[in-house]
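Beneath this line is the structure, given in structure tokens, with notes to follow.
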Amino acid sequence: MAPVRRLVVDVLKPHDPSLVAFTEQVSETDSVAAVTSSLIELDQEVQNVKLTFEGESLDVDAVEAAVEELGGTVHSVDQVACGEHVVRDHPTLQDH
Amino acid sequence: MAPVRRLVVDVLKPHDPSLVAFTEQVSETDSVAAVTSSLIELDQEVQNVKLTFEGESLDVDAVEAAVEELGGTVHSVDQVACGEHVVRDHPTLQDH
Amino acid sequence: MAPVRRLVVDVLKPHDPSLVAFTEQVSETDSVAAVTSSLIELDQEVQNVKLTFEGESLDVDAVEAAVEELGGTVHSVDQVACGEHVVRDHPTLQDH
Amino acid sequence: MAPVRRLVVDVLKPHDPSLVAFTEQVSETDSVAAVTSSLIELDQEVQNVKLTFEGESLDVDAVEAAVEELGGTVHSVDQVACGEHVVRDHPTLQDH
Amino acid sequence: MAPVRRLVVDVLKPHDPSLVAFTEQVSETDSVAAVTSSLIELDQEVQNVKLTFEGESLDVDAVEAAVEELGGTVHSVDQVACGEHVVRDHPTLQDH
Amino acid sequence: MAPVRRLVVDVLKPHDPSLVAFTEQVSETDSVAAVTSSLIELDQEVQNVKLTFEGESLDVDAVEAAVEELGGTVHSVDQVACGEHVVRDHPTLQDH
Amino acid sequence: MAPVRRLVVDVLKPHDPSLVAFTEQVSETDSVAAVTSSLIELDQEVQNVKLTFEGESLDVDAVEAAVEELGGTVHSVDQVACGEHVVRDHPTLQDH
Numbered sequence: 001m002a003p004v005r006r007l008v009v010d011v012l013k014p015h016d017p018s019l020v021a022f023t024e025q026v027s028e029t030d031s032v033a034a035v036t037s038s039l040i041e042l043d044q045e046v047q048n049v050k051l052t053f054e055g056e057s058l059d060v061d062a063v064e065a066a067v068e069e070l071g072g073t074v075h076s077v078d079q080v081a082c083g084e085h086v087v088r089d090h091p092t093l094q095d096h
Numbered sequence: 001m002a003p004v005r006r007l008v009v010d011v012l013k014p015h016d017p018s019l020v021a022f023t024e025q026v027s028e029t030d031s032v033a034a035v036t037s038s039l040i041e042l043d044q045e046v047q048n049v050k051l052t053f054e055g056e057s058l059d060v061d062a063v064e065a066a067v068e069e070l071g072g073t074v075h076s077v078d079q080v081a082c083g084e085h086v087v088r089d090h091p092t093l094q095d096h
Numbered sequence: 001m002a003p004v005r006r007l008v009v010d011v012l013k014p015h016d017p018s019l020v021a022f023t024e025q026v027s028e029t030d031s032v033a034a035v036t037s038s039l040i041e042l043d044q045e046v047q048n049v050k051l052t053f054e055g056e057s058l059d060v061d062a063v064e065a066a067v068e069e070l071g072g073t074v075h076s077v078d079q080v081a082c083g084e085h086v087v088r089d090h091p092t093l094q095d096h
Numbered sequence: 001m002a003p004v005r006r007l008v009v010d011v012l013k014p015h016d017p018s019l020v021a022f023t024e025q026v027s028e029t030d031s032v033a034a035v036t037s038s039l040i041e042l043d044q045e046v047q048n049v050k051l052t053f054e055g056e057s058l059d060v061d062a063v064e065a066a067v068e069e070l071g072g073t074v075h076s077v078d079q080v081a082c083g084e085h086v087v088r089d090h091p092t093l094q095d096h
Numbered sequence: 001m002a003p004v005r006r007l008v009v010d011v012l013k014p015h016d017p018s019l020v021a022f023t024e025q026v027s028e029t030d031s032v033a034a035v036t037s038s039l040i041e042l043d044q045e046v047q048n049v050k051l052t053f054e055g056e057s058l059d060v061d062a063v064e065a066a067v068e069e070l071g072g073t074v075h076s077v078d079q080v081a082c083g084e085h086v087v088r089d090h091p092t093l094q095d096h
Numbered sequence: 001m002a003p004v005r006r007l008v009v010d011v012l013k014p015h016d017p018s019l020v021a022f023t024e025q026v027s028e029t030d031s032v033a034a035v036t037s038s039l040i041e042l043d044q045e046v047q048n049v050k051l052t053f054e055g056e057s058l059d060v061d062a063v064e065a066a067v068e069e070l071g072g073t074v075h076s077v078d079q080v081a082c083g084e085h086v087v088r089d090h091p092t093l094q095d096h
Numbered sequence: 001m002a003p004v005r006r007l008v009v010d011v012l013k014p015h016d017p018s019l020v021a022f023t024e025q026v027s028e029t030d031s032v033a034a035v036t037s038s039l040i041e042l043d044q045e046v047q048n049v050k051l052t053f054e055g056e057s058l059d060v061d062a063v064e065a066a067v068e069e070l071g072g073t074v075h076s077v078d079q080v081a082c083g084e085h086v087v088r089d090h091p092t093l094q095d096h
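Laid out in structure tokens, this is it:
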């Protein structure tokens, strides 16, 4: 199977663990080389964050399990890059 | 025939298989070097996604067959790059 | 005559041939090194597409003939680059 | 006199000659290394186009004469770059 | 644990110490290679600032302690980058 | 005194001399390596233009004198870069 | 103390000295390698300008003293970069 090299997921997580601890722990998942998490919005109960993972061959099931083990839920998968290299998604005239 | 080197398609797909499994499987199509799929929007029934394929000489029929075999339908072909290299589509004064 | 190196045309074409077949065939025109076609909009009858051609010395008559042979009509010529190199059209304070 | 290296003019031209023929012919002017013409808008009578010329030392009188010989009129000169190199016009806080 | 390489926090601080003194002092925290602080807004009582830290392996607890020791409070953690390299958070079609 | 390396001025000038002649002549000022002039707007009486000068050590008095000798008036000085190199003015969160 | 490498301040100054003379003189401050000043707005009494300083280790007190000696007042400090290198303040999803 062609390797997944980049993965963007939209996650809802509780306030505890903090975004720093959460990011450190999901970045420990096997196959993850690096991850950046960005706060989208927060309310009293949850944080909505965007997680961008990179790796030579990401184990997506393990990534999702790690998110859930920390109390998070994957709200949506927003981008997946597979294959020999990462294809950049350039805007086209159809993007709004 | 001049080879197709880059192809952007707008696809409607069911929720199952997931976007990750869907992308992994279409990236296995002969002639596809790499692909990135981006979520445009989703409702209860379907996901609308943008797929960008790159390869030395893409077999577009095989790509479309792979999409359909997974339950997807190609809603529109948004961009096609053919020839010795990939021509970038720069904005002109006529683009809105 | 100074060679045409880049040409952007706005084309109306029927749905058949498909955008992929259409692009493959116009890219076969003598003097065309590569071409990218981008969908602007479509209705039931026609597709409106932007075609960007590159070559060392484009034969514009042959390009337009190829478009028409495939049932397309050149709605407007949006950009032409001639000469020793391709001049980039940077925005000025007069562009809106 | 310091050489003019880049010149942007806003031109009104009749539909005949076509934008391709017009661009090819003005690019033949002595001192012009390359030119790009971009369509701004068109109506039944005229085309309004933006022409960007580059050269080591542009002969602006000859360029304007070539435009007029082809039935065009220079509506305004929008940018002129003179001297040892081309100064890029970066936006400042005063540009709107 | 995978190292934190980049951290963006939104901080409320009193006017004293000044933004310069505040930035100099938090940049002295162990593990911080460099930091940039940007003013978001200010009123009579407080300054709201965005702090971006970089380091080989940031000690986030020490960073937060340094902010608090200077009278600041971390209002939110806006971005965390962990792992072998810093993943850039590119916009996707889901970002608004 | 630290040398001025880049200078942006907003100038009102009569239609005669033309923008090309005007730019050629101010670029002849001692200390000016290159200049780009961009049309902001024009009415029947005057042209409002933005002039960007670069040089190793610009003689600003001589530049202003050259502008005035040609019938122009410096409406405002919009940007001045001094010192060992040209500092780029990046946007901050305070720019609107 | 970690060195300040980049500093952006928002300054109100009288019309005299001119922006050129003002910039030349603040750039003479010890520790300043280069500075760019950009006009934000002006009225009959004052000019509001943005000053961006760079240096290996800026002496911020001396910079502020130089501004005040010339009749200017520092209205706000908008950005401070400290440490081994200059951290670029990239936009996050929290910036508006």
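Protein chains in written order, with the UniProt record's numbering: chain D, 1 to 96; chain R, 1 to 96; chain U, 1 to 96; chain P, 1 to 96; chain L, 1 to 96; chain E, 1 to 96; chain A, 1 to 96. Ideal Cβ placement from N, Cα and C applies to all residues, glycine included.
Query, Result
"In the DSSP assignment, the alpha helix (DSSP H) including P:Gln25 goes from what residue to what residue?", "Leu19 to Val26"
"Could you spell out where the alpha helix (DSSP H) holding U:Asp61 opens and where it closes?", "Val60 to Glu69"
"Going along chain L in order, which residues have a C-beta closer than 7 angstroms to the C-beta of D:Val8?", "Thr92"
"Would you call the CB atoms of D:Val49 and D:Leu39 closer than 8 angstroms?", "yes"
"Considering only their Cβ atoms, is the gap separating L:Gln25 from D:Thr36 smaller than 8 angstroms?", "no"
"Is the separation between the beta-carbon of U:Val60 and that of P:Val20 shorter than 8 angstroms?", "yes"
"Give, in chain order, every residue of the region 50-69 of chain P whose Cβ lies closer than 8 angstroms to some Cβ of chain E.", "Val60"
"To the nearest angstrom, report how far apart U:Phe22 and U:Leu42 are at their CA atoms.", "15 angstroms"
"Would you give the residue range spanned by the beta strand (DSSP E) that D:Ser37 belongs to?", "Ala34 to Leu42"
"Report all residues from its chain with a CB closer than 6 angstroms to the CB of L:Pro3; omit the five preceding and five following residues, and keep chain order.", "Ser57"
"Provide the residue span of the beta strand (DSSP E) that contains R:Leu12, from first to last.", "Val4 to Pro14"
"Find out if the Cβ-Cβ distance for the pair P:Val87, E:Ala81 is shorter than 8 angstroms.", "no"
"Nearest to L:Pro91 by CA position, among D:Glu69, D:Thr52, D:Ala66 and D:Ala65, is which residue?", "D:Thr52"
"Pick helix, strand or coil for U:Glu56, following the three-state DSSP scheme.", "coil"
"Among residues of its own chain, excluding the 5 on either side of R:Gly71, which ones have a beta-carbon nearer than 7 angstroms to its beta-carbon?", "Lys13 and Pro14"
"Does the CB of P:Gly83 have a neighbour CB from chain E at under 8 angstroms?", "yes"
"Are the CB atoms of P:Val74 and P:Glu64 nearer to each other than 8 angstroms?", "yes"
"Return the residue from the list U:Val67, U:Ala62 and U:Glu54 that minimises the CA-CA distance to U:Ser18.", "U:Val67"
"Compute the beta-carbon to beta-carbon distance between residue 112 of chain R and R:Arg5, rounded to the nearest angstrom, for a pair I have assumed lies under 8 angstroms.", "Any property of residue 112 of chain R remains undetermined from this structure, which presents chain R solely from 1 to 96."
"With DSSP as the reference, identify every bridge partner of E:Gln79, one or two as the case may be.", "E:Val8 and A:Ser38"
"Sort A:Met1, A:Glu69, A:Val77 and A:Asp30 by Cα distance to L:Glu28 and report the nearest one.", "A:Met1"
"Who are R:Leu51's beta bridge partners in DSSP?", "R:Val9 and R:Ser37"
"Use the C-beta contact count for D:Asp16: other C-beta atoms within 10 angstroms, 16 or more gives buried, fewer gives exposed.", "exposed"
"In the DSSP assignment, what residue or residues form a beta bridge with L:Thr73?", "L:Leu12"
"Using the C-alpha atoms, what's the distance from A:Gln94 back to L:Leu93?", "17 angstroms"
"How close, in whole Å, do the beta carbons of A:Ala62 and A:Asp89 come, if the pair is a contact with beta carbons under 8 angstroms?", "Incorrect: roughly 24 angstroms between the Cβ atoms, too far for contact."
"Could you tell me which chain U residues have their CB closer than 7 angstroms to the CB of R:Ala2, listed as they occur along the chain?", "Glu24, Ser27 and Glu28"
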